[in-house]
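Asker: One structure, pasted below without further comment.
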Amino acid sequence: MIGVQLVCLHVALVNRPPYSPVSQLSHPFAGSREGDTHVSRPFNFWQWRPTRPYWLFLTCYTGALFVLQIVVGTAPWYVALQGYVALGIEATLPLPQILSNQRNQSCKGFRLSVLANWLLGDAMKMMFFFLSASTIPWTFKLCGLFQAACDSYLGVQYWMYGEGQTVNRDPFNKDIRLQ
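Under my numbering, the first residue of the sequence shown carries the number -5, and numbering increases by one thereafter.
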């Protein structure tokens, strides 16, 4: 799985549009600029133009996790911390899609089949969490409920907006051909 993700990152980096000050397509994650979120990313994190910083960051991150695993990998608090971080990340995965749909007032590009599979997965997960004979910790249940609520709200957004036209809310994104 990690190998496939690395290949996907490589393909995405190689196939980025060339840099152009006119085109918004040349700016990675242009929808999350400082003006939209009012938060500056330290060191312009994950918005680099060259490919080398991506690979350098992943190498350093992997090395740091390797060292932590060697030094404190068996400590119960470290194992619990890893679990809580993983649960928190998974529970918040739908949030960027929700924010993008809300900002654009459109679900254009978001496939109904993806939404249906997410909702089906949430239903199965909730059935396992709440009907299982074994004891499931409440942190799993709460994170699962939060993610199910987020996915359900995505369903509401899809119902409200459909795949309608994307509303351009960026005053700096002007098509020069229209001027």
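Just so it is clear, CB atoms sit at the ideal spot from N, CA and C, and this is done for glycine as well.
What residue range is occupied by the uninterrupted alpha helix (DSSP H) comprising Thr133?
Answerer: 132 to 155
Asker: On the criterion of 16 or more Cβ atoms from any shown chain inside 10 Å, does Leu148 qualify as buried, or is it exposed?
Answerer: buried
Asker: In whole angstroms, what is the alpha-carbon distance linking Ala69 and Val61?
Answerer: Going by the C-alpha atoms only, they are around 14 Å apart.
Asker: Can you list, in chain order, the stretches of the alpha helix (DSSP H) that have 4 or more residues and sit fully within the stretch 94 to 135?
Answerer: Given a length threshold of 4 residues, each whole run of the alpha helix (DSSP H) inside the stretch 94 to 135 is given here in chain order: 106 to 125.
Asker: Classify Pro11: buried if its beta carbon has 16 or more other beta carbons within 10 angstroms, exposed otherwise.
Answerer: exposed
Asker: Which of the three DSSP states is assigned to Tyr13 in this structure?
Answerer: Residue state for Tyr13 is assigned as coil, using DSSP reduced to three classes.
Asker: Using only the alpha-carbon positions, how far apart do Pro44 and Leu106 sit?
Answerer: 34 Å
Asker: Where Cys144 and Val79 are concerned, what is the direct C-alpha to C-alpha distance, given to the nearest angstrom?
Answerer: 18 Å
Asker: Throw me the rounded Cβ distance for the Tyr72 and Leu109 pair, which I believe falls under 8 Å.
Answerer: Wrong, their Cβ atoms sit about 36 Å apart, outside the cutoff.
Asker: By DSSP, does Ala182 sit in helix, in strand, or in coil?
Answerer: Nothing in the structure corresponds to residue 182, since the chain is present only between -5 and 173.
Asker: In angstroms with no decimal places, state the Cα-to-Cα distance between Thr56 and Tyr13.
Answerer: 29 Å
Asker: Going by the beta-carbon positions, is the gap between Phe134 and Leu81 smaller than 9 Å?
Answerer: yes
Asker: So the alpha helix (DSSP H) Asn(-1) belongs to, where does it begin and stop?
Answerer: Here the sequence assigns Gln to residue -1, which means Asn is not the residue at that position. Its alpha helix (DSSP H) spans residues -4 to 8.
Asker: Report the rounded CA-to-CA distance for Phe124 versus Phe39, giving the unit in angstroms.
Answerer: 39 Å
Asker: Exposed or buried, which one is Ser128 when buried takes at least 16 other CB atoms within 10 Å?
Answerer: exposed
Asker: Give me the Cα-Cα distance between Met154 and Gln96, rounded to the nearest whole angstrom.
Answerer: Rounded to whole angstroms, Met154 to Gln96 spans 10 Å at the Cα level.
Asker: Throw me the rounded Cβ distance for the Gln141 and Asp116 pair, which I believe falls under 8 Å.
Answerer: About 6 Å; that satisfies the 8 Å criterion.
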